[in-house]
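**Q**
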Amino acid sequence: MRNTWRNDKYAAAERARKFMNVLRAILVASMAWSVAAQAAECPRKGSLGTSRILSVDAATTPRVGLMSFPQTLPLEDHEVVLTFDDGPWPPTTPRVLAALARECVRATFFLIGKPASEHPELVRRIAAEGHSIGHHTWLHRSLKQIPASETREEIDRGIAADEMALHGVATTTPSTPFFRFPGLETTPATLDLLQSRRIVVFGTDLWANDWIPMTPSQQLKLITDRLRIARKGIILFHDPQAQTAAMLPAFLRYLRDNHYRVVHVVPAAVATHVNGAP
Ligand SMILES: [Zn+2]
Numbered sequence: 002m003r004n005t006w007r008n009d010k011y012a013a014a015e016r017a018r019k020f021m022n023v024l025r026a027i028l029v030a031s032m033a034w035s036v037a038a039q040a041a042e043c044p045r046k047g048s049l050g051t052s053r054i055l056s057v058d059a060a061t062t063p064r065v066g067l068m069s070f071p072q073t074l075p076l077e078d079h080e081v082v083l084t085f086d087d088g089p090w091p092p093t094t095p096r097v098l099a100a101l102a103r104e105c106v107r108a109t110f111f112l113i114g115k116p117a118s119e120h121p122e123l124v125r126r127i128a129a130e131g132h133s134i135g136h137h138t139w140l141h142r143s144l145k146q147i148p149a150s151e152t153r154e155e156i157d158r159g160i161a162a163d164e165m166a167l168h169g170v171a172t173t174t175p176s177t178p179f180f181r182f183p184g185l186e187t188t189p190a191t192l193d194l195l196q197s198r199r200i201v202v203f204g205t206d207l208w209a210n211d212w213i214p215m216t217p218s219q220q221l222k223l224i225t226d227r228l229r230i231a232r233k234g235i236i237l238f239h240d241p242q243a244q245t246a247a248m249l250p251a252f253l254r255y256l257r258d259n260h261y262r263v264v265h266v267v268p269a270a271v272a273t274h275v276n277g278a279p
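Residue numbers (our numbering): 2 to 279.
1) At a cut-off of 7 angstroms, is D211 close to ligand 1 when judged by its beta-carbon and the heavy atoms of the ligand?
2) With a threshold of 16 other CB atoms inside 10 Å of the CB of W34, please say whether the residue is buried or exposed.
3) Do you know offhand how far T172's Cα is from I160's?
4) In its own chain, which residues sit with a C-beta less than 8 angstroms from the C-beta of S118, not counting the 5 before and 5 after it?
5) Looking at chain D, is there any beta carbon in it that lies within less than 8 angstroms of the beta carbon of S143?
6) Can you give, in chain order, each stretch of the beta strand (DSSP E) that sits fully within the region 50-112 and has at least 3 residues?
7) Measuring only from the beta carbon, is P241 closer than 7 angstroms to any heavy atom that is part of ligand 1?
8) Leaving out five residues on either side along the sequence, give the residues of the same chain with a beta carbon under 6 angstroms from the beta carbon of A269.
9) Output the boundary residues of the beta strand (DSSP E) element that contains H137.
10) Taking C-alpha atoms, which residue in R103, E154, L112, I147 lies nearest to L237?
11) What's the call for S133, buried or exposed, on a 16-neighbour Cβ count within 10 Å?
12) Could you give the residue range of the alpha helix (DSSP H) that holds R229?
13) Is it right to say G114 is buried, meaning 16 or more other beta carbons lie within 10 angstroms of its own, or is it exposed?
14) By the three-class DSSP mapping on this structure, what secondary structure does F182 have?
15) Which residues end up in the neighbourhood of ligand 1 when you take C-beta atoms closer than 6 angstroms to any of its heavy atoms?
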């Protein structure tokens, strides 16, 4: 009797375990299917789409962005590079990702290390959806205003946190060697340090001032007015800003309707792997 009871209990536990395994398999399969379905949908007729992939090499372009440096990326008229700083941020980053996916465009996210360490699944989702991941320090302190002895730690801890979230390895050698200074505040010593490590420093060509509170429609007008004058360039947004997440679908439609083309930047070493990808 006792054995029967034990056998029944064992059988029930075994059934529950099998049921959980089936559930897990269904979940994994459906996630794989949705990623595959999304990839298969791009490029999609009527969407903006990514027009080309540009590989960026620190050897030839160590620093880009006209707001900080004399040179920028070699973009043609009406070509833009979309960049988002200060994430990942669960309330808004997924909305930004959804808007980008809807229009089949790829962007670059400059992550802050601490939130990346707190939301590794969101970091992996950004990468899984084909976007480039650059680095933006550990705590977003201005590298110009903190003691010089702390700048390397701030940079490296941020890179290591992003890499840990992405690949499970806390390396200070970034898999995508792109970096943006918090507040675009550089110092000669940190610029030299990054150049010696062949990490490309991204400034920007224009920005949306989206750290200043405004409505999404004011935000849209500000950035499209600037883009009309600049005609091309690296554009800086902040994905933790709700007004930016709300404005982005309309901005991407504006780009499509006005014949702008989105260029996806990738590090030179991986360019051959992603060329030809949608
Ligand atoms: Zn920032």
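Here a beta-carbon is modelled for each residue, glycine too, at the ideal position from N, C-alpha and C.
**A** Reading it off the structure:
1) By 1-based counting over the sequence shown, the position of residue 211 is 210. At a threshold of 7 angstroms, D211 does not count as near ligand 1, since its beta carbon sits no closer than that to any of the ligand's heavy atoms.
2) Counting from one through the sequence shown, the residue named residue 34 turns up at place 33. Here the model assigns W34 a pLDDT of 49, short of 50, so the residue's position is not dependable, and the following value carries that caveat. By the 10 Å Cβ count, W34 comes out exposed.
3) As a working mapping, residue 172 is identified with position 171 in the sequence shown. As a working mapping, residue 160 is identified with position 159 in the sequence shown. Near 7 angstroms, if we compare the C-alpha coordinates of I160 and T172.
4) For the purposes of this step, residue 118 is taken as the residue at position 117 of the sequence shown. Cβ neighbours of S118 beyond the five flanking positions: A162, M165, A166.
5) This model lacks chain D altogether; it includes just one protein chain.
6) With a minimum length of 3 residues, the continuous beta strand (DSSP E) runs that stay inside the region 50-112 are 51-57, 80-86, 109-112.
7) Sequence index remark: in the sequence shown, residue 241 carries index 240 (1-based). No.
8) As a first step, residue 269 must be located in the sequence shown, where it is residue number 268. Exclusion of the five residues before and after A269 leaves S56, D58 as the residues of its chain whose Cβ lies within less than 6 angstroms of its Cβ.
9) Here residue 137 is taken as the residue at index 136 of the sequence shown, counted from 1. First-last for H137: undefined, no H or E at that position.
10) Here the question's residue 237 lines up with position 236 in the sequence shown. Its Cα nearest to that of L237, the residue L112 stands out among R103, E154, L112, I147.
11) Working through the sequence shown from its first residue, we reach residue 133 at position 132. Classification for S133: buried.
12) Taking the first residue of the sequence shown as position 1, residue 229 is located at position 228. Element bounds for R229: 217-231.
13) Here the question's residue 114 lines up with position 113 in the sequence shown. By the 10 Å Cβ count, G114 comes out buried.
14) In the sequence shown, the residue the question calls residue 182 occupies position 181. F182: coil per DSSP, three-state reduction.
15) Residue list for ligand 1: D86, D87, H137, H141, P183 (CB closer than 6 angstroms to any heavy atom, chain order).
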